[in-house]
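Number of protein chains: 4
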Amino acid sequence: MTTTKFEPQSPDYARLVRNVFERTPFIVDLGIRLETVDAGYCVTSLAVTDRHRQQNGFIHAGVISTMADQTAGATAGTLVKEGCNVLTVEYTIHFLRAARGESLRCEGRVIKPGKSISRVEISVYINGADEETLVSRAMVTLAVVQYVGS
Amino acid sequence: MTTTKFEPQSPDYARLVRNVFERTPFIVDLGIRLETVDAGYCVTSLAVTDRHRQQNGFIHAGVISTMADQTAGATAGTLVKEGCNVLTVEYTIHFLRAARGESLRCEGRVIKPGKSISRVEISVYINGADEETLVSRAMVTLAVVQYVGS
Amino acid sequence: MTTTKFEPQSPDYARLVRNVFERTPFIVDLGIRLETVDAGYCVTSLAVTDRHRQQNGFIHAGVISTMADQTAGATAGTLVKEGCNVLTVEYTIHFLRAARGESLRCEGRVIKPGKSISRVEISVYINGADEETLVSRAMVTLAVVQYVGS
Amino acid sequence: MTTTKFEPQSPDYARLVRNVFERTPFIVDLGIRLETVDAGYCVTSLAVTDRHRQQNGFIHAGVISTMADQTAGATAGTLVKEGCNVLTVEYTIHFLRAARGESLRCEGRVIKPGKSISRVEISVYINGADEETLVSRAMVTLAVVQYVGS
Numbered sequence: 286m287t288t289t290k291f292e293p294q295s296p297d298y299a300r301l302v303r304n305v306f307e308r309t310p311f312i313v314d315l316g317i318r319l320e321t322v323d324a325g326y327c328v329t330s331l332a333v334t335d336r337h338r339q340q341n342g343f344i345h346a347g348v349i350s351t352m353a354d355q356t357a358g359a360t361a362g363t364l365v366k367e368g369c370n371v372l373t374v375e376y377t378i379h380f381l382r383a384a385r386g387e388s389l390r391c392e393g394r395v396i397k398p399g400k401s402i403s404r405v406e407i408s409v410y411i412n413g414a415d416e417e418t419l420v421s422r423a424m425v426t427l428a429v430v431q432y433v434g435s
Numbered sequence: 286m287t288t289t290k291f292e293p294q295s296p297d298y299a300r301l302v303r304n305v306f307e308r309t310p311f312i313v314d315l316g317i318r319l320e321t322v323d324a325g326y327c328v329t330s331l332a333v334t335d336r337h338r339q340q341n342g343f344i345h346a347g348v349i350s351t352m353a354d355q356t357a358g359a360t361a362g363t364l365v366k367e368g369c370n371v372l373t374v375e376y377t378i379h380f381l382r383a384a385r386g387e388s389l390r391c392e393g394r395v396i397k398p399g400k401s402i403s404r405v406e407i408s409v410y411i412n413g414a415d416e417e418t419l420v421s422r423a424m425v426t427l428a429v430v431q432y433v434g435s
Numbered sequence: 286m287t288t289t290k291f292e293p294q295s296p297d298y299a300r301l302v303r304n305v306f307e308r309t310p311f312i313v314d315l316g317i318r319l320e321t322v323d324a325g326y327c328v329t330s331l332a333v334t335d336r337h338r339q340q341n342g343f344i345h346a347g348v349i350s351t352m353a354d355q356t357a358g359a360t361a362g363t364l365v366k367e368g369c370n371v372l373t374v375e376y377t378i379h380f381l382r383a384a385r386g387e388s389l390r391c392e393g394r395v396i397k398p399g400k401s402i403s404r405v406e407i408s409v410y411i412n413g414a415d416e417e418t419l420v421s422r423a424m425v426t427l428a429v430v431q432y433v434g435s
Numbered sequence: 286m287t288t289t290k291f292e293p294q295s296p297d298y299a300r301l302v303r304n305v306f307e308r309t310p311f312i313v314d315l316g317i318r319l320e321t322v323d324a325g326y327c328v329t330s331l332a333v334t335d336r337h338r339q340q341n342g343f344i345h346a347g348v349i350s351t352m353a354d355q356t357a358g359a360t361a362g363t364l365v366k367e368g369c370n371v372l373t374v375e376y377t378i379h380f381l382r383a384a385r386g387e388s389l390r391c392e393g394r395v396i397k398p399g400k401s402i403s404r405v406e407i408s409v410y411i412n413g414a415d416e417e418t419l420v421s422r423a424m425v426t427l428a429v430v431q432y433v434g435s
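Residue numbers (the working numbering), protein chains in the order written: chain A, 286 to 435; chain B, 286 to 435; chain C, 286 to 435; chain D, 286 to 435.
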């Protein structure tokens, strides 16, 4: 797959994205970490514990969904101007197999940046780089908005 | 909207669905509660706290997604035979407006049950029954499988 | 289902929407007709012929998809300002049962209008008003853009 | 992207898939052709004419959707047993840019085959191999069913 190189709109994009990520209470609470921040590309990780699971011991779809959504926001956020923010409009997520295992890795790739709408593809893998298996794929639509906040 | 009445396949469906719900660690951890269990229809609720929010104080999309997914599972689960289980194949979720507020209510409705595939529609509202506002809509595809577990 | 009443942004919205519909070559070619145009609500119809079918005689998913997409555009278009246009960003469509029959009816409802993004829900029924059956449900995201054209 | 190699379940899969494709009236009517049939991978093409367009001269989203759906069916169909058939359960399609141009090329890849459910990713490009541009991406869920028909 050829990957288009994207030009960031702010020289400070990595710090801005990391700053939002680390101030998001639900993400801090779950333990999702931002591992890589490039222009149009992010990686996050999660060390799975018992609280992240469903009744049969699999990782709960809501955990994977949260990771997908948050990673999509970070990924789209690398390509917006300073003072802008991204909001999830909608996403579709596919669960390809039951997710057993101790760790999740999530990759986000911008497939179409835009001034008002950005599209990101998400892949979620279990169990690290050596023997990882794709468990979910998502397509995310995000709106680029002027940041309004304190 | 006319609602088709569905016939449950097990007389004990409400207890079975409630039992799975209450043994799901991630749902217990988040505080999502099962309020109503009818054949092809479920309602869940969440009292939102600070940990459920994103960086601007809105309810995190991952919380809403988790609620949608879990409620869809419960809803589809009301129409399967005893000894069967449902797994989320995929879902699409739309975020219609930023979700401020202190409580979420989520309704699931089966729109097409099936022996192997079930489809559920989800509506998520903020702030209770009196003045509630629709914040999310989802469509969920679930697979009906033979339960394998301890 | 309570239906919110929407205010059209142009007094001439019905004529504008009908005009676009009737100048769309692929829709004219397939024979899809615009039956009803209200603010935030449209109905279209199709008299199905052999060319609209797949190999087993069912109506082709592509025909239903085309009808869903076009109806969503008309529906969202009823709520935009004159001089604006809508473009489909993405949609999800569910096929609930194989579509046999001689006619399709498609309803579009705006569930969230917006200055830049509009969301429309679509229901597709077979065989007319008397004994019609839901065959598809879709959720459509549309972008509202300044019209550029001749 | 590493591509998993899939084992076809029937030695005759290419002929079976081609046979269904060429007996599908709506696809023949539109002029969509099956170019490549491998195990878990198909390519289709369309020479675009005026009838395939919308009011501004772009290729209609319904044409792209039909191509995506049909290609997904062919792609999933390469991995099912003889006597089985695939039906589209649902799909999500993203339109990344307005599709100008004279020809479409559509690629389908199985990302998760299954005995009862198959998942296919679709990429649609305009204007051929030399300078082609991605215009749409879709994720398709298909059910594998026993073929019933003449």
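Glycine included, C-beta positions come from ideal geometry on N, C-alpha and C.
Burial state of residue i, where buried means 16 or more other Cβ atoms lie within 10 Å
i, result
"Gly358 (chain A)", "buried"
"Gln339 (chain A)", "buried"
"Thr321 (chain B)", "exposed"
"Gly325 (chain A)", "buried"
"Thr334 (chain C)", "exposed"
"Leu362 (chain C)", "In the sequence as displayed, the identity of residue 362 (chain C) is Gly instead of Leu. By the neighbour-count rule (16 or more Cβ atoms within 10 Å), Gly362 (chain C) is buried."
"Glu307 (chain D)", "exposed"
"Thr360 (chain A)", "buried"
"Asn370 (chain B)", "buried"
"Glu416 (chain D)", "exposed"
"Val430 (chain D)", "exposed"
"Arg390 (chain C)", "buried"
"Thr418 (chain C)", "exposed"
"Met286 (chain D)", "Interpretation of Met286 (chain D) is limited by its pLDDT of 44, a score under 50 that renders its predicted location unreliable; the figure taken from the coordinates is listed afterwards. When all chains shown are included, Met286 (chain D) counts as exposed."
Short Cβ contact (8 angstroms threshold) for residue i with residue j
i, j, result
"Met352 (chain A)", "Ile378 (chain A)", "no"
"Ile443 (chain C)", "Val425 (chain C)", "Since the first residue of chain C shown is 286 and the last is 435, residue 443 (chain C) is not available in this structure."
"Asp354 (chain B)", "Ala346 (chain A)", "yes"
"Val395 (chain D)", "Ser401 (chain D)", "no"
"Gly399 (chain C)", "Cys327 (chain C)", "no"
"Pro296 (chain D)", "Leu364 (chain D)", "no"
"Thr329 (chain B)", "Thr356 (chain B)", "yes"
"Gly368 (chain D)", "Tyr432 (chain D)", "yes"
"Ala384 (chain A)", "Ile411 (chain A)", "yes"
Beta carbon proximity, residue i to chain B, threshold 8 angstroms
i, result
"Ile402 (chain D)", "yes"
"Leu381 (chain C)", "yes"
"Ile344 (chain C)", "no"
"Arg303 (chain C)", "no"
"Ala423 (chain D)", "no"
"Val420 (chain A)", "no"
"Thr309 (chain A)", "yes"
Nearest-angstrom beta carbon gap, residue j and residue i [assumed within contact, 8 angstroms]
i, j, result
"Ala332 (chain B)", "Ser388 (chain B)", "6 angstroms"
"Glu406 (chain C)", "Phe380 (chain D)", "The Cβ separation is near 18 angstroms, so there is no contact."
"His337 (chain D)", "Phe343 (chain C)", "About 22 angstroms separates the two Cβ atoms, so there is no contact after all."
"Arg300 (chain B)", "Leu319 (chain B)", "Wrong, their Cβ atoms sit about 11 angstroms apart, outside the cutoff."
Residue i at chain C interface by Cβ criterion, 8 angstroms
i, result
"Gln431 (chain D)", "no"
"Tyr410 (chain D)", "no"
"Lys397 (chain B)", "yes"
"Ala353 (chain A)", "no"
Near the ligand NAD: residue i beta-carbon under 7 angstroms from a heavy atom
i, result
"Gln339 (chain B)", "The model on display carries no ligand, and the ligand NAD is accordingly not part of it."
Closer than 8 angstroms to chain D by CB, residue i
i, result
"Glu292 (chain B)", "no"
"Ala357 (chain B)", "no"
"Ser435 (chain A)", "With a pLDDT of only 43 at Ser435 (chain A), under the threshold of 50, the placement of this residue in the model should not be trusted; the figure read from the coordinates follows. It does not: the Cβ of Ser435 (chain A) has no partner Cβ on chain D nearer than 8 angstroms."
Any C-beta of chain A under 8 angstroms from that of residue i
i, result
"Ala373 (chain C)", "The amino acid occupying residue 373 (chain C) in the given sequence is Thr; Ala does not appear at that position. For Thr373 (chain C), the answer is no, since every Cβ of chain A falls outside 8 angstroms of its Cβ."
"Gly362 (chain B)", "no"
"Thr377 (chain D)", "yes"
- Item | Segments assigned beta strand (DSSP E), at least 3 residues, entirely inside the region 323 to 365 of chain C | 326 to 332
- Message: List, from N- to C-terminal side, the alpha helix (DSSP H) runs of 4 residues or more that fit wholly inside the region 289 to 314 of chain D.
- Response: 298 to 307
- Item | Runs of beta strand (DSSP E) lying entirely within the region 392 to 419 of chain B, each at least 3 residues, in chain order | 402 to 411
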